[in-house]
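Here is the structure we will look at.
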Amino acid sequence: MSTPRHYTVVARLGLAARMLAARMLAALTLAVASAAHAQTGTPPSAPAPRLMRAGDVDTIPLRSAGLRIAYGADSLQFGELRLPPNTAPGTRAPLAIIIHGGCWLSRYASVRNSAPLADALAASGVATWNVEYRRYDHPGGGWPGTFRDVADAADYVRTLASRYPVDTSRIVVAGHSAGGHLALWLATRHALDVTSPLAGGTPLPLRGVVSVGGIADLAEFYTRERATCGNPAVESLLGAAPDSVPARLRDASPRERLPLGTPSVHVAGDRDFIAPVEVRDRFVAAARARGDSAWVVTVPGDGHFEAMTPYKAAGRAVINAVRAMLALPPVAP
Numbered sequence: 039m040s041t042p043r044h045y046t047v048v049a050r051l052g053l054a055a056r057m058l059a060a061r062m063l064a065a066l067t068l069a070v071a072s073a074a075h076a077q078t079g080t081p082p083s084a085p086a087p088r089l090m091r092a093g094d095v096d097t098i099p100l101r102s103a104g105l106r107i108a109y110g111a112d113s114l115q116f117g118e119l120r121l122p123p124n125t126a127p128g129t130r131a132p133l134a135i136i137i138h139g140g141c142w143l144s145r146y147a148s149v150r151n152s153a154p155l156a157d158a159l160a161a162s163g164v165a166t167w168n169v170e171y172r173r174y175d176h177p178g179g180g181w182p183g184t185f186r187d188v189a190d191a192a193d194y195v196r197t198l199a200s201r202y203p204v205d206t207s208r209i210v211v212a213g214h215s216a217g218g219h220l221a222l223w224l225a226t227r228h229a230l231d232v233t234s235p236l237a238g239g240t241p242l243p244l245r246g247v248v249s250v251g252g253i254a255d256l257a258e259f260y261t262r263e264r265a266t267c268g269n270p271a272v273e274s275l276l277g278a279a280p281d282s283v284p285a286r287l288r289d290a291s292p293r294e295r296l297p298l299g300t301p302s303v304h305v306a307g308d309r310d311f312i313a314p315v316e317v318r319d320r321f322v323a324a325a326r327a328r329g330d331s332a333w334v335v336t337v338p339g340d341g342h343f344e345a346m347t348p349y350k351a352a353g354r355a356v357i358n359a360v361r362a363m364l365a366l367p368p369v370a371p
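Heads up: the sequence shown begins at 39 in the working numbering, then just goes up one per residue.
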C-alpha cells in the first residue's frame, strides 16, 4: 500500500524528532491500512454507511469505570483515572490526559463520551486521566473557567502521581473536537503572559498532543460554527465574537499560539465535516512553518465520532498515535 496523501511528516527535524516521526509512521500505518483494506470489497454504487453519532459512542461498554477523583471544589471538576491491568510492582505507567468535546456546551457531550477511548488506552498499557470540566453554559465556565479547569486538571497529575503509579515524565494529551482545541491549548499554556486570565499553575512537560477531529483555529471555526455546532460556540466560549476580543483570541486559539513547542498529530476520518482535511492541513502547515513537528492522519470512510470509537480504524489510529508518542508499539487491529 502506498503512503496516504495526508500522512505528512515534518522535513526539518532534529535527530530525536526524526526518530519520533519514524515511530509515528510505523504505528499509524497499521490503522490506516486496515481501513483501506476494509473498503476494498465495497461496490462503488453502495451507499456510504451511516456515520456514528455522539450518542453511539456513549453506549460503548466499558471494561472499567475508573476511579472518580476531584481536582477542584466544583462538582464538574473531576476526572476518571484508569490504570493499566497487571502493572508490574515498582513501575509507573505512561499517562494520557483525555479531554472530551461537545462544542464547549454541556448538552452535547460529557466525560462519558471520551470514556471508551480512555478505557481502551488503559487496557493497552497507558494510564488515562479522563477529564470533566465546566463548559460555557455552567456557572464559572467559558472565559476563563473552562481553560482554567483543564489546566488545573492537568496540573493535578502531580497529585495523582503521589498516590498512584503514573509517570509524570511520559505524558500525552489527547482531546476530541472542542476537547482537541483544549488539548492543543494545554501545550501552549506555559508560554502565556503572566497577565493573562488563563495563566497560572505549573505545566508539566508533554511528549505530544493528539488532536482527534480537533478545532485548532477558533477564528476559522467561528465561520462554520452554526453549520457544525448549531450554536454560537466560539463567541460563547470567549465571551464575544473573536474579532472583538483579539487579546482573548491570541490567548485561547492554538493557531494564534504557534509554535506549540511539542509534537502534534491531527487524526480524523475523511468524512469528518467538523475537522475537514483541508482545515487540518492548513494548521499543520502553519505549525511546521513555525518549527513544530506535526502530522495529519486521515482515515478513509470514517467520520468525527469513529475516531473516538476504539474498534473503528480511526479510533485505532488515535490509540496508536498516543502510543507512538510514548515510544510504545502499535496495537493490532
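Note that beta-carbon positions come from the ideal geometry of N, C-alpha and C, so glycine has one too.
Remember, predicted model here, so these are calculated numbers, not experimental data.
Classify Val188 as buried or exposed, calling it buried when 16 or more other Cβ atoms lie within 10 Å of its own Cβ.
buried
Under the rule that 16 or more other beta-carbon atoms within 10 Å means buried, what is Asn168, buried or exposed?
buried
Indicate whether Leu275 and Val247 have their beta-carbon atoms separated by less than 8 angstroms.
no
Check for me: the alpha helix (DSSP H) holding Asn151 runs from which residue to which?
Bounds of the alpha helix (DSSP H) holding Asn151 are Val149 to Ala161.
Per DSSP, the bridge partner or partners of Ser249:
Gly213 and His304
Within the chosen definition, does the region 328-341 reach the region 253-263 through at least 3 CB pairs nearer than 8 angstroms?
no
I'd like to confirm the pairing. Which residues does DSSP put opposite Phe311 in its beta bridges?
For Phe311, which the question treats as bridged, DSSP gives no partner whatsoever.
Taking DSSP's pairing of strands, which residues face Trp333 in a bridge?
Val303
With burial defined as no fewer than 16 other Cβ atoms inside 10 Å of the residue's Cβ, what is the status of Met90: buried or exposed?
buried
Which of the three DSSP states, helix, strand or coil, is assigned to Ala359?
Ala359: helix per DSSP, three-state reduction.
Can you pull the DSSP bridge partners for Ile135?
Trp167 and Val211
Where Leu198 falls: helix, strand or coil (DSSP):
helix
Status (buried if at least 16 other CB within 10 Å, exposed otherwise) for Pro127
Under a 10 Å Cβ-count criterion, Pro127 is classified as exposed, with fewer than 16 other Cβ atoms of the shown protein chains found around its own Cβ.
In whole angstroms, give me the CA-to-CA distance for Ser144 and His176.
8 angstroms
Take every Cβ of the region 350-357, pair it with every Cβ of the region 302-309, and state whether three or more of those distances are shorter than 8 angstroms.
yes
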